[in-house]
Structure formats: structure tokens, C-alpha cells
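S.K.:
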Amino acid sequence: MTSSVRVRFAPSPTGYFHIGGARTALFNWLYAKHTQGTFVLRIEDTDTERNTKESLNSLLSNLRWLGLDWDEGPDVGGPYGPYFQSERNEVYQRYLEQLRQAGCVYEKEGAIWLKVSGATQTLDDLIHGPVQRLEEKDFVIYRSNGTPVFHFVNVVDDIDMHITHVIRGEDHLSNTNKHLELYRAFGVTPPKFAHIPLILKTSGPGKMSKRDSGSLVEEYRQKYFLPEGIINYLSLLGWSPKNDREIMPIAEIIAAFDLKDVNNTNARFDEKKLMFINAEHVKNLSPEAFYQQGVIVLKETGHENAIHDTNRLKAIFAIVQEKLRSFEELPHFIEYFFDESYPFEPEAFKKIEKYQPKQRLLELKEKLSALTNFSEENIEACIHTLSETNQIPTGHYIHPLRFAVSGRSVGPSLYHMLPILGQSTVLARIQRCLDTQLS
RNA sequence: GUCCUGUUCGUCUAGAGGUUAGGACAUCGGGUUUUCAUCCCGGCAACAGGAGUUCGAUUCUCCUACGGGACGCCA
Numbered sequence: 101m102t103s104s105v106r107v108r109f110a111p112s113p114t115g116y117f118h119i120g121g122a123r124t125a126l127f128n129w130l131y132a133k134h135t136q137g138t139f140v141l142r143i144e145d146t147d148t149e150r151n152t153k154e155s156l157n158s159l160l161s162n163l164r165w166l167g168l169d170w171d172e173g174p175d176v177g178g179p180y181g182p183y184f185q186s187e188r189n190e191v192y193q194r195y196l197e198q199l200r201q202a203g204c205v206y207e208k209e210g211a212i213w214l215k216v217s218g219a220t221q222t223l224d225d226l227i228h229g230p231v232q233r234l235e236e237k238d239f240v241i242y243r244s245n246g247t248p249v250f251h252f253v254n255v256v257d258d259i260d261m262h263i264t265h266v267i268r269g270e271d272h273l274s275n276t277n278k279h280l281e282l283y284r285a286f287g288v289t290p291p292k293f294a295h296i297p298l299i300l301k302t303s304g305p306g307k308m309s310k311r312d313s314g315s316l317v318e319e320y321r322q323k324y325f326l327p328e329g330i331i332n333y334l335s336l337l338g339w340s341p342k343n344d345r346e347i348m349p350i351a352e353i354i355a356a357f358d359l360k361d362v363n364n365t366n367a368r369f370d371e372k373k374l375m376f377i378n379a380e381h382v383k384n385l386s387p388e389a390f391y392q393q394g395v396i397v398l399k400e401t402g403h404e405n406a407i408h409d410t411n412r413l414k415a416i417f418a419i420v421q422e423k424l425r426s427f428e429e430l431p432h433f434i435e436y437f438f439d440e441s442y443p444f445e446p447e448a449f450k451k452i453e454k455y456q457p458k459q460r461l462l463e464l465k466e467k468l469s470a471l472t473n474f475s476e477e478n479i480e481a482c483i484h485t486l487s488e489t490n491q492i493p494t495g496h497y498i499h500p501l502r503f504a505v506s507g508r509s510v511g512p513s514l515y516h517m518l519p520i521l522g523q524s525t526v527l528a529r530i531q532r533c534l535d536t537q538l539s
């Protein structure tokens, strides 16, 4: 760490990790990386009724999956731990005692209340500018059951952990006055605040919530989205590098990110754009990275039979990468390379009927079987010759042939996929098509 | 209801006191004499409304409308 910036992400593990939380974590992480500061993860688990172990595991796991690693927090420790609020009671008692000594609190109906100043507080928000508001009523900081409430622990921990910048959702903007009252009571200069705009539902009113479809990080992980794609999309919700750049590697985002460029308007979540950005990242993957991920996806989706021949698989990936939008599509997209009993799709058949497919395939079968070197160039030359000799467009050969060898109307470049399948397989597939579809 | 906050194409955004208001997604159309979910080209599409300041405002100020948030012994 070469700067004194200390930021924190302070989630409450009460459900699955959602996009809004991921975006808040991301902005904190980006700012820490950009300033070479420290990113602290603090778990706000004081609500024993709603916190669950599963939620915590999901949170940590998905944060790591996204690559949002923390410098201090659960599992990694740090100088200001513990990082679970449920384990910090002594700290809170100590700070409460301080307020007692200062005469800032009183007890009423078993709970402990903070006396507010009665003065208008001005918050100099890094994103919204000066915000003035009066906190007029005293509020509870310790419940009658002896446990501290959010506002209190949040401020105490930020003080105790030396947080310099509080980057959180705009839904906390109104809470900040309570926090400012607490800082005043403690006699501590507040950190800088940056309230980032909220993410709204794709359609309809209100902010995005865990209940909305597409709102859980877990969903994208299960669909094999690339973490860097999600990070890239999320970074563009409320922030912009202001140079028309959109598809960026994470290093570029870190270098460009700054709180002063975060805007103050809520953004609507757009899954289509997320898809697009993910697809761009899939295309930009190195062959090695694509292979690694491809193998994982094939294994997890029950296609172990596809991964045995590494060289063949790499050849298939090479002609398929540019066509894929997400790894979720991979297994289905390449299935027929590994299965001689692939189905012939009726919709695909409809598209080739007009080309007199039986005749075309018989011609192709004869010419292709005569090739001594089943190369992409020779296949292409062969089809062109056929086309010229019979005065028939090449498409009339290509479409039925693709249908015959894959059962589909779409797929990777035909000239490139045939050599991978191999001459005998291609001829056998043409024959099967002739026998079962065109007899 | 009270308080806070915001308002550029359908969506994410750039922008400047005087611009043909730019880019991207989506969408529509065309092309790549091989499909397309790739690639290329093109079209459609925005400064919420009203006052004020100003030679001039979409850009600054105010009001209205609309949006979002907060008002718990939840976080």
C-alpha cells in the first residue's frame, strides 16, 4: 500500500449476493486499486435473526469469483479485526462508554439513545456536493436487549478501522446525518463520503432487489459469464471513462476509475448490454484461456467425452470462439462434433429444401470422396468447381452440406469444420442424411 | 405526508454558454457471390415543461412535473 486511502465494503449476509452489492463492492475495490489504498471487507452481521452461514459463504465465494479480493477481512485478517461485527462487542462497549463519559447519551425504556445536536449538518459528498439536513430526533444506538444498532456499529467500525472514504449506495444518503451526529459525539472528523447512484429495475418502478430476475451474481456464475465481463458492465453503471471506451480489461478500468467521474443519476440494469459486453470479453480471450474455461464448462455440463482429444478440441475451439456470446452456449454449439447420432433439426431442414438437397449431396459425396487430401483449401476448391460446372450457386451446396454434417443451419465456418470432422466421418454423415432425411 | 436527491435517444452514457448534441446496447435496413449468434455499412431516436440571467441556454438560477431514496430498538 502506498497511499493512506482505506475503503470498505460492509455487507450484511442476509441473502444471495446481488448485483447492486457487487457494484458497490466494485467501486470500493476500484478506488482502492486506483489509489493503491486498502480494501477492507467487514461483515455486518448484527442482525442474528436474518444472517445465515449460507449467505456469508455465497458472499465470500462470489466476491472472490469476481476477483474483488480484499486486503483486510474474513480469512485474511488484518490489524483492525475482528472483521465480523458479531465478534466486536468489546469494541462497541468501549466506544459506548466514551459517549457516556461525554454525556452524549441517555437511557430510556431500556434502550440507549444518542442526543442529537439540533444543528443542521452539512455533508460534503464527493458525488452530490454539499447536502444539508437536520437530524431532529434523538435515536437509539443500543437496543433494550443490549445489542448495538446499525448506525452505531457502522460509525464505530469506520472510526476504529481508520476508513478514509465511505463509498456506499445513495440509499444511505439520508442516514448520513445520523452518522455525522455520531462522529460529532465522538469528536472525530468524519471520513469523506461518496454516495453512488442506485441500480434500478430493468423495467417498472424502484431499485433492483434480490427478488428481481437477473439480480443475483450467482445466476451469471452458473451461466458461465466471465467475471471480467460482469465487472466491465457494472463499472459502466454510474461511471464512465469519458473517452467512448467501453470494452476494457480490468487494468484499464482501474487506471481510469475515479470518484470524481461517478455520476449522480440512477441507472437501469440492462441484461442485453451485459450479454454484449460479456460476448466481447469471450472473443478477446486468448486461445489458452478459452481452452481452460471451455474444458471446465464441458466437464461440468456432462460432456467429458469431448475433452479427451486435446488437439482436436483446441481446433474446434479455434473456429468457434468468434461465434460464441457466452460459455453457456458452448456445449450445445459444438455437440455434434462428438456425436454421430446428432439430430437433424426440422427448422434447418426447411431452409435447405429449396436447394434440391438430395441431388446436391450426391454430387458432393462423389467429389469429396475423391479428394486425397481433405484440406480446407481442397474442399473449398471442390465446391467451387461443382458450382461452376453445374452453374449452381455455392450456397446451394454449402447449406445442404452443413445440414448433413451437423443437423443445423448455423455453426462455424463450414470449410474449417469439415477437416476437423475428417473425410470418412463427413462422407458417413452425408450418407446418414441421405438415408434418413432425403430417401 | 416530511426530508434528501435526481432529470440528454427505449437503455447506459459523452458534451459545451454559440456543436450537424457524440459513442455504445437494443431496434430497423443493406452488405460480406457460406448460414448466423460473427464481421462491415447505413437508418430511426434525446437535452421533461415554464420562467429568469444573457446578445445567445439544452448547458447557470428558480418553480412545476415526474423519477429515486430515507424516514425502525433492519442493515
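Residue numbers for the first sequence follow the numbering used here, so the first one is 101 and each next one is one higher.
Don't be surprised by glycine CBs; every beta carbon is placed ideally from N, CA and C.
Since this is a predicted model, take the numbers as computed values, not measurements.
Decide if GLY540 is buried, meaning its Cβ has at least 16 other Cβ atoms within 10 Å, or exposed.
M.R.: Outside the displayed span of the chain (101 to 539) sits residue 540, for which this structure offers no information.
S.K.: Just how far apart, CA to CA, sit GLY167 and GLY115?
M.R.: Looking up residue 167 in the first sequence gives position 67. Looking up residue 115 in the first sequence gives position 15. Taking the straight line from one Cα to the other gives about 20 angstroms.
S.K.: Reducing DSSP to helix, strand and coil, say where PHE286 ends up.
M.R.: In the first sequence, counting from the first residue as 1, residue 286 sits at position 186. PHE286: helix per DSSP, three-state reduction.
S.K.: Over what stretch of residues does the alpha helix (DSSP H) that includes PHE250 continue unbroken?
M.R.: As a first step, residue 250 must be located in the first sequence, where it is residue number 150. Note, PHE250: alpha helix (DSSP H), 250-260.
S.K.: Name the DSSP beta bridge partners of ALA211, please?
M.R.: On the first sequence, position 111 is the one that residue 211 refers to. In DSSP, ALA211 forms a bridge with LYS208.
S.K.: Excluding five sequence neighbours on each side, which residues of the same chain lie with their C-beta closer than 8 angstroms to the C-beta of ILE212?
M.R.: Indexing the first sequence from 1 puts residue 212 at position 112. Correct list, in chain order: LEU196, VAL205, TYR206, VAL240, ILE241 and TYR242.
S.K.: Could you please give me the residues that DSSP links to ALA122 through a beta bridge?
M.R.: As a first step, residue 122 must be located in the first sequence, where it is residue number 22. None, per the DSSP bridge assignment.
S.K.: In terms of residues, what are the limits of the alpha helix (DSSP H) holding ASP225?
M.R.: Counted from its first residue, the first sequence places residue 225 at position 125. Counting along the chain, ASP225 falls outside any alpha helix (DSSP H), though it belongs to the beta strand (DSSP E) covering 220-225.
S.K.: Can PRO111 and GLY120 be called in contact, C-beta distance under 8 angstroms?
M.R.: The residue given as residue 111 occupies position 11 in the first sequence. The residue given as residue 120 occupies position 20 in the first sequence. Cβ atoms of PRO111 and GLY120: not closer than 8 angstroms.
S.K.: Assess, as a yes-or-no matter, whether the stretch 337-353 is touched by the stretch 407-416 under the definition of 3 or more beta carbon pairs within less than 8 angstroms.
M.R.: No, they do not touch.
S.K.: Closest by CA to TYR442, which one among TYR391, LEU160, GLY394 and GLN537?
M.R.: Here residue 442 is taken as the residue at index 342 of the first sequence, counted from 1. Among TYR391, LEU160, GLY394 and GLN537, the Cα nearest to that of TYR442 is on GLN537.
S.K.: Between which two residues does the beta strand (DSSP E) containing ARG106 stretch?
M.R.: Within the first sequence, numbered from 1, the residue matching residue 106 stands at position 6. Counting along the chain, the beta strand (DSSP E) containing ARG106 begins and ends at 106-109.
S.K.: Would a C-beta distance cut-off of 8 angstroms place ILE530 and LEU464 closer than the cut-off?
M.R.: As a first step, residue 530 is located in the first sequence; it is residue number 430 there, counting from the start. As a first step, residue 464 is located in the first sequence; it is residue number 364 there, counting from the start. Contact flag set, yes.
S.K.: Checking the sheet assignment: what are the DSSP bridge partners for THR138?
M.R.: Counting from 1 along the first sequence, the entry for residue 138 is found at position 38. For THR138, which the question treats as bridged, DSSP gives the partners ARG106.
S.K.: Determine, using beta-carbon pairs with one atom in the stretch 226-239 and one in the stretch 286-295, whether at least three such pairs fall under 8 angstroms.
M.R.: Yes, they touch.
S.K.: Taking all protein chains shown into account, decide if GLY329 is buried (16 or more other Cβ within 10 angstroms of its Cβ) or exposed.
M.R.: In the first sequence, residue 329 corresponds to position 229, counting from 1. It counts as buried.
S.K.: To the nearest angstrom, how far is the alpha carbon of ASP370 from that of THR302?
M.R.: Counted from its first residue, the first sequence places residue 370 at position 270. Counted from its first residue, the first sequence places residue 302 at position 202. Their Cα atoms are separated by approximately 6 angstroms.
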